[in-house]
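Chains A and B, in that order, give the protein sequences.
In this text, residue positions in the first sequence follow this note's numbering: the first is 60, and each later residue adds one.
In this text, residue positions in the second sequence follow this note's numbering: the first is 60, and each later residue adds one.
No residue lacks a Cβ here, since even glycine has one placed at the ideal position from N, Cα and C.
Protein chains: 2
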Amino acid sequence: MIDKVNLSDKLARFQDLWSPKAVGAVNDCWVKLVKLSGSFVWHSHEVEDELFLVLRGRLRMQFRDREITVDPGEFIIVPHQTEHCPVAEDEVHVLLFEPRSTVNTGTAGGTRTREVDWI
Amino acid sequence: MIDKVNLSDKLARFQDLWSPKAVGAVNDCWVKLVKLSGSFVWHSHEVEDELFLVLRGRLRMQFRDREITVDPGEFIIVPHQTEHCPVAEDEVHVLLFEPRSTVNTGTAGGTRTREVDWI
């Protein structure tokens with residue numbers, strides 16, 4: 060059954076950080092929501108590009124040679140094979156759009172890797 | 060060169076209606092912005108799912124058996140091979156996520172078909 064998705068309603072359903080939740084599928088890509096606070100791990104994705112659309116807060120996307128600050132109403136696309144490390148000074152809410160195969164820690168793996176649940 | 064995209068800045072760059080503009084690529088999918096007002100044409104897409112994230116205004120997505128109203132902060136995904144007709148009573152601004160192969164009028168074609176330019 061086709062239905063709309065309200066982003067605020069979905070964001071109210073979880074509190075855990077750095078653990079993307081799936082809220083929609085567009086062919087082989089998924090729409091995910093994630094809450095961030097603090098610093099993540101440096102990683103890259105072998106084949107997947109990754110879009111971060113900021114809904115709340117300020118996201119600092121670190122690259123090896125520079126950093127880009129992304130505010131609400133802005134997005135950044137991290138191309139595959141590009142090392143990046145997201146940092147959130149305060150809590151940041153992000154909508155992700157990326158191939159369903161995307162793992163949050165990319166090829167780095169490690170203890171911060173999370174399965175993606177549907178909410 | 061990686062850079063962020065500000066949605067308001069991009070929306071200020073065009074005024075034509077029902078003519079999606081590309082603002083980003085995530086693997087084989089494109090992020091597009093479009094301004095809508097009035098009624099479009101009934102159509103469907105053979106293989107492409109289509110996400111409509113409303114940024115401003117109220118979108119009425121008509122299906123053959125019902126209608127779903129989508130407000131700012133909400134999105135709807137129209138599965139492939141599903142007939143739909145978007146209607147906007149007042150001007151509506153929408154972010155689209157869809158495969159790059161998606162044609163705005165789908166298999167219906169006709170005079171309202173538009174090429175997608177990058178802005």
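| message | Taking 8 Å as the cut-off, does the stretch 110–121 of chain A touch the stretch 161–177 of chain A (at least 3 CB pairs, one atom from each stretch)? | response | Verdict: no, contact absent.
| request: On the DSSP bridge assignment, give the partners of I127(B) in chain order. | output: Looking up residue 127(B) in the second sequence gives position 68. According to DSSP, which records beta bridges pairwise, I127(B) is partnered with M120(B).
| request: For V82(B), I'd like the list of residues in its chain whose CB is within less than 7 Å of its CB, leaving aside the five on either flank, ordered along the chain. | output: Translated into the one-based positions of the second sequence, residue 82(B) becomes position 23. Closer than 7 Å at the Cβ level, and outside the excluded window around V82(B), lie V64, K69, V90, K91, L92, I178.
| Between I178(B) and chain A, is there a C-beta pair that is closer than 7 Å? | For the purposes of this step, residue 178(B) is taken as residue 119 along the second sequence, with counting starting at 1. By this cut-off, I178(B) is not an interface position.
| query | Is L114(A) helix, strand or coil by DSSP? | reply | To locate residue 114(A), count along the first sequence from 1; it is residue 55. Three-state result, L114(A): strand.
| Leaving out five residues before and five after T164(B) in sequence, what residues of the same chain have Cβ atoms less than 7 Å from its Cβ? | Counted from its first residue, the second sequence places residue 164(B) at position 105. For T164(B), same chain residues with a beta-carbon under 7 Å away, outside a window of 5 residues either side, are V100, H102, R171, T172 in chain order.
| For K63(A) and chain B, any beta-carbon pair shorter than 7 Å? | Counting from 1 along the first sequence, the entry for residue 63(A) is found at position 4. True, the Cβ-Cβ gap to chain B drops below 7 Å.
| Nearest-angstrom Cα distance between V129(B) and V162(A)? | By 1-based counting over the second sequence, the position of residue 129(B) is 70. By 1-based counting over the first sequence, the position of residue 162(A) is 103. Our two residues, V129(B) and V162(A), have alpha carbons roughly 30 Å apart in a direct line.
| said: Going by DSSP in three states, S78(B) sits in which element: helix, strand or coil? | reply: Along the second sequence, one-based indexing puts residue 78(B) at 19. Secondary structure at S78(B): coil, using DSSP grouped into helix, strand and coil.
| query | Are the C-beta of D124(A) and some C-beta of chain B separated by less than 7 Å? | reply | In the first sequence, residue 124(A) corresponds to position 65, counting from 1. Cβ-Cβ to chain B under 7 Å: no for D124(A).
| So, helix, strand or coil for S160(B), using DSSP? | As a working note, residue 160(B) is residue 101 in the second sequence. The three-state secondary structure of S160(B), taken from DSSP, is coil.
| message | Nearest by alpha-carbon distance to F156(B): which of D75(B), S98(B), H104(B), F111(B) is it? | response | To locate residue 156(B), count along the second sequence from 1; it is residue 97. Residue F111(B) is the option with its Cα nearest to F156(B).
| Chain-ordered neighbours of S67(B) on chain A, where CB pairs are closer than 8 Å | Here the question's residue 67(B) lines up with position 8 in the second sequence. Going along chain A in sequence order, the residues near S67(B) (Cβ under 8 Å) are G132.
| request: Would you kindly work out how many angstroms separate the C-alpha atoms of Q74(B) and L154(B), rounded to a whole number? | output: Position 15 of the second sequence, counted from the first residue, corresponds to residue 74(B). Position 95 of the second sequence, counted from the first residue, corresponds to residue 154(B). Using only the alpha carbons, I get a separation of about 15 Å.
| Residue burial classification, E55(A) (beta-carbon count within 10 angstroms, cutoff 16) | Nothing about residue 55(A) can be reported from this structure: the residues present for chain A run from 60 to 178 only.
| query | Since S103(A) is in the beta strand (DSSP E), which residue starts that stretch and which ends it? | reply | Position 44 of the first sequence holds residue 103(A). Looking at the DSSP string, S103(A) is not in any beta strand (DSSP E), and its letter there is neither H nor E.
| query | Which partner residues of N86(A) appear in the DSSP bridge assignment? | reply | Numbered from its first residue, the first sequence carries residue 86(A) at position 27. Partner(s): none; N86(A) has no beta bridge.
| query | Assuming L66(B) contacts L95(B) under a Cβ cut-off of 8 Å, what Cβ separation, rounded to an integer in Å, is found between them? | reply | Taking the first residue of the second sequence as position 1, residue 66(B) is located at position 7. Taking the first residue of the second sequence as position 1, residue 95(B) is located at position 36. Not really, about 15 Å apart at Cβ, beyond 8 Å.
| Other residues of its chain near V137(A): CB distance less than 6 Å, five sequence neighbours each side excluded | Working through the first sequence from its first residue, we reach residue 137(A) at position 78. Non-local C-beta neighbours of V137(A) in its own chain, meaning closer than 6 Å and more than five positions away in sequence, comprise E109, H143, ordered along the chain.
| field | Nearest candidate by alpha-carbon position, reference P158(A), set G116(B), M60(B), C88(B) | value | Against the first sequence, residue 158(A) aligns to sequence position 99. Taking only the C-alpha atoms, the option nearest P158(A) is C88(B).
| field | Start-to-end residues for the alpha helix (DSSP H) that takes in D68(B) | value | As a first step, residue 68(B) is located in the second sequence; it is residue number 9 there, counting from the start. From DSSP, the alpha helix (DSSP H) with D68(B) extends over 66–70.
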